[in-house]
Structures are given as C-alpha cells and as structure tokens.
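Numbering (my numbering), first residue to last: 362 to 859.
Okay, here's the thing in structure tokens:
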C-alpha cells in the first residue's frame, strides 16, 4: 500500500493548491489588455502515470551540487526539501515533492557531491556504470557536453514510457530551443525551479515614476508602445545629479542600475534577435553578424541604455559592494537610487517593505499592435537529465512526469500568484505582466549552450562598452570561426547519436 499523507500535509495541500489565474483578470490601469499566453493552458490535462504504479519505497537519487549562492540553492536542492517552514516557495516545493513520493511510493534523495562547473563526478559514475544516481541537475552547457559524449539518456526515449511533453507541465516553447536535430536530452518542465528563478524581469520604482509624473508604463505595454524610445526617455528623465557635484555616483539617482548578465541579453532575446539561432532543420547556426535587428538592438543598448550618464553598473559601486552582485543591484534599486533594474524573481524578496515597485517586460525595439505579447528572457535552464546508464528508464520517466505534474499544481504557480503578484506588489498590473512573462519565455542559445565560445570573453569586451557597436562587430567577426567550429562539432555529434 502506498503511504498516506498525514492530516497536516493534506491541509497544506488544500491551502497551497491555488492555480495561477491572473491571466484572466483585467489589470487596473489597462484599457486594452494583451492575451499573453503562447503556451496553451490545459486545466483538464491529467497525469498519465497509472495510479497503480507502486515502487515500494524505492529511492530516487538526484546528483547535484549546493549551488552558486544562498538564494539560488533552490535551483539545485529542491528535491531535498523535507519540511515546511512557512516560506511559500519552500512549502509549495515540499508539497509537490511529498505528493510525488506518495503517488509513486518513492523517496527522493539528494547527492551533493557534484560541482557547479565540473562534471567529473558525473562522468566517473557513468563510466563505472555503478547506478549511483538516477537523475542529475547541472548548468545547461555542461549537460550539453555530457550529451555530446553519449552520457545522457534521451528524453525522446523516456517519452516511450510516461513522459508526455505535450502536457502543460512541460514548457513546449523552451524545449523547442533546447532540442538539436530533433533530439532532446534536456527537457524544460515545472520541476526545474530555475526556469522561474532565472527569468529576468524589468522592475520600475513607482515612487520615482510618480514623483517625475512619467507616463504609465503598464499602459504602454497594453497599447504596444513600450518601446526602446519610450524606455530611453524615462532613463533620461530619472537620471539626476542630486548633490550637484557634477559627478554621477552612488549619491545620485540613475535611470537604471544593472548587472551585465541581467541587462544585455534580455533586450535582444525578448526582441527575438539571437547570437545563435536555429534553422528549419532544428540545427544551430551563428546568426550574430547576419541579423540586422540584433545589430540595431545592441547599438541602442550600448549607446543609450548603458550610457554612463544614465545607467549605473553596480559592479562600479563603492557603497553597494558587500553581498552577491545580484543582491547589490536590488539593494541599490530598493534605496530609490534608480528608476529601473533588471533582476530575476528569486531576488524580489529583498524588496519586501522597501521599494514600491512594479514588474514590466523589457521593451520592444518598435511599437506593435495593442494586445501583442511581450516576451521574457531566461538566463538558461538548470538542466535536468538522466544518465545514459539508466537501467530502468520507466522508473525515471514516471518520476519525471509525476514530479513536473505536482510542481505544476502545487509549487511555482502558487508561489507566483500568492507571493510575488499579490503579497509583494499588491498590483494587478504586475501580476498580469508576470503571467505574460512566464508564458512567453525565450532563450539565447549563445548563453544557454555555447557560453564558452560565443559569450564568455566576447561578452566582457562588448559589455565594457568602450567602443560601442564597433566592438560588437569586431568581436564576433574575430570569433566567427571558433563559434562555427563549435556548432559544427555539436551538430556532428548529435546527428551521430541514436
């Protein structure tokens, strides 16, 4: 018999089973509202793992690492949450884990002997074929290298059992980015907490916007007029040398405060202009030098949105330099030092009872028809995958499908709806914007899979903004051969995979 959840857990499930519903509400300030959903919502979809499936208390071991910092531990360690602690995300994850364990009669176990940027432990276990783990969580580009080496079990093959990627607890729009040659080794689903935590949002300071009597940015989004020009006008209006010393620094007010990784890529990806794109055969290619829109986007970002008189890179701060750079960015924004910032939802908690803020998408380069969805940008999924040495793919498939289903019902949607949209912003417009962002995410494969050849190094030179758009062109012209060789190797390896 499968174990039964105790009464307190049942009560918690009842409390937490709030489906994300703000897409159907009418925002307070929007006369014309977009229809943001690009991925279909199917509330009638049911779990296709049979209820009679019973694994008799079997352990499902996840190989991972502790993560990058305290805030992002949940990216790697969510399957190890073992108790409720009154934190909404923690408790939603706990319920999702518990429901998965109860449904399949399994026990999750987490092995943290992996390393953030080193897959040697994974490789050792696979080469030894010792069955030490059932599943792994790693940075996406390292998972790609493992797949190229034949060390990852194909999601396509797991779909022969219980995984059904058409179900709404899988992110179809993101999986279209992650597949290569029609083959999927890393699947994006609701149990990957990083797909929410790594979604970059534009925040605006409502107090500053009100003081300056700026146009309502929400209405600009609804009308399709949230553009680069509108954004730039607001940057100019907000930046002010408050102490009059003719030196812009921590003592003044900025149009924006930013960290590089949460600033440059979102402007291009949300405009669907990519450094690495895919063709009609699902094969990646180097697009940077042939995409006029990408060039135009970077021209505006480098010349206008990173103008040192308007926007402040927090890495240059002499005041906000004590914590992690993402935390420093939010803290400076929370102290009313900037009108805008770009940050991910896992850092919103630093704004509680501080800045009065709203959530926006990054702007489009040009105006669009009213009601057109605005896209959002994911810094890259924390890849979830099974080793090629998997002896019981049906077991792995059942756990993958069930866990994503229960996370879809009890974890992230509830956290977004109850905590971020209402507890923190108390703002129906922000709730709507967050809903639109979740349903319209985009990836930059140059960041996700090919950071080492297309972005690392090149990004540093471009983002330094010393020579503006000229650096963008020269850097990618110099790197073209290296990037294209890497893409060709990946294509050859994937075409050779079964």
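Built from N, CA and C at the ideal position, the CB exists for glycine as well. Remember, predicted model here, so these are calculated numbers, not experimental data.
Residue 564 and residue 486 have their alpha carbons spaced roughly 43 angstroms apart.
Residue environment for residue 788: buried (at least 16 other C-beta atoms within 10 angstroms of its C-beta). Counting C-beta atoms within 10 angstroms of its own C-beta, residue 477 has fewer than 16 neighbours from the protein chains shown and is therefore classed as exposed. Taking every protein chain shown into account, the CB of residue 762 has 16 or more other CB atoms within 10 angstroms, so this residue is buried. Of the candidates 743, 449, 769 and 585, 769 places its Cα closest to the Cα of residue 406.
Assignment of residue 424 by DSSP, reduced to helix, strand and coil, places it in the strand class. Between the alpha carbons of residue 568 and residue 467 lies a gap of roughly 50 angstroms. Contact annotation: residue 625 and residue 662 have beta-carbon atoms nearer than 8 angstroms. The C-beta of residue 446 has fewer than 16 other C-beta atoms within 10 Å across all chains shown, which makes the residue exposed. The segment 560 to 612 contains, as complete beta strand (DSSP E) runs of 3+ residues, the segments 560 to 566 (chain order). Across the structure, residue 798 and residue 735 are spaced so that their CA atoms are roughly 7 angstroms apart.
For residue 653, there is no enclosing beta strand (DSSP E); the residue is found in the alpha helix (DSSP H) stretching over 653 to 661. One Cα belongs to residue 671, the other to residue 716, and the distance between them is close to 20 angstroms.
For a cut-off of 8 angstroms, the C-beta gap from residue 771 to residue 456 is around 5 angstroms, short enough to register as a contact.
Rounded to whole angstroms, residue 590 and residue 719 show a C-alpha spacing of 20 angstroms.
In the three-state reduction of the DSSP assignment, residue 468 falls in the strand class, which pools E and B. Taking 8 angstroms as the cut-off, the beta carbon of residue 643 is found closer than this to the beta carbon of residue 543. Counted as a single uninterrupted DSSP element, the beta strand (DSSP E) harbouring residue 639 occupies residues 637 to 639. With contacts defined as CB atoms closer than 8 angstroms, residue 823 and residue 836 qualify as a contacting pair. Distance check between residue 470 and each of 490, 463, 443 and 483 places 443 closest, using alpha-carbon atoms only. Excluding its 5 nearest sequence neighbours in each direction, residue 420 has C-beta neighbours in its own chain below 6 angstroms: 468 and 470, listed in chain order.
In this structure, residue 550 keeps its C-beta atom at 8 angstroms or more from the C-beta atom of residue 436. Residue 816 and residue 830 have their C-alpha atoms spaced approximately 16 angstroms apart. Here the segment 720 to 732 makes no contact with the segment 486 to 502; the two share fewer than three CB pairs at distances below 8 angstroms. Shown here for residue 410: same chain residues with a beta carbon closer than 6 angstroms to its own, the five before and five after excluded, namely 523, 759, 762 and 763 in chain order. Looking at the DSSP output, residue 803 shares a beta bridge with 738. In this structure, the alpha-carbon of residue 608 lies about 44 angstroms from that of residue 553. Boundaries for residue 499: no alpha helix (DSSP H) harbours it, while the beta strand (DSSP E) harbouring it runs 496 to 500, taken from the DSSP string. Following the DSSP letters along the chain, one finds residue 408 in no alpha helix (DSSP H), marked with neither H nor E.
Taking the Cα positions, residue 453 is about 25 angstroms away from residue 475. Per the DSSP secondary-structure output, residue 745 pairs in a beta bridge with 498.
In the structure shown, the three-state DSSP call for residue 723 is coil.
Shown here, residue 537 sits in a helix according to DSSP, grouped into three states.
Rounded to whole angstroms, the separation of the alpha carbons of residue 548 and residue 633 is 21 angstroms. DSSP, reduced to helix, strand and coil, places residue 713 outside both helices and strands of the structure shown, so it counts as coil.
Taking C-beta atoms as the reference points, residue 482 and residue 704 fail to come closer than 8 angstroms.
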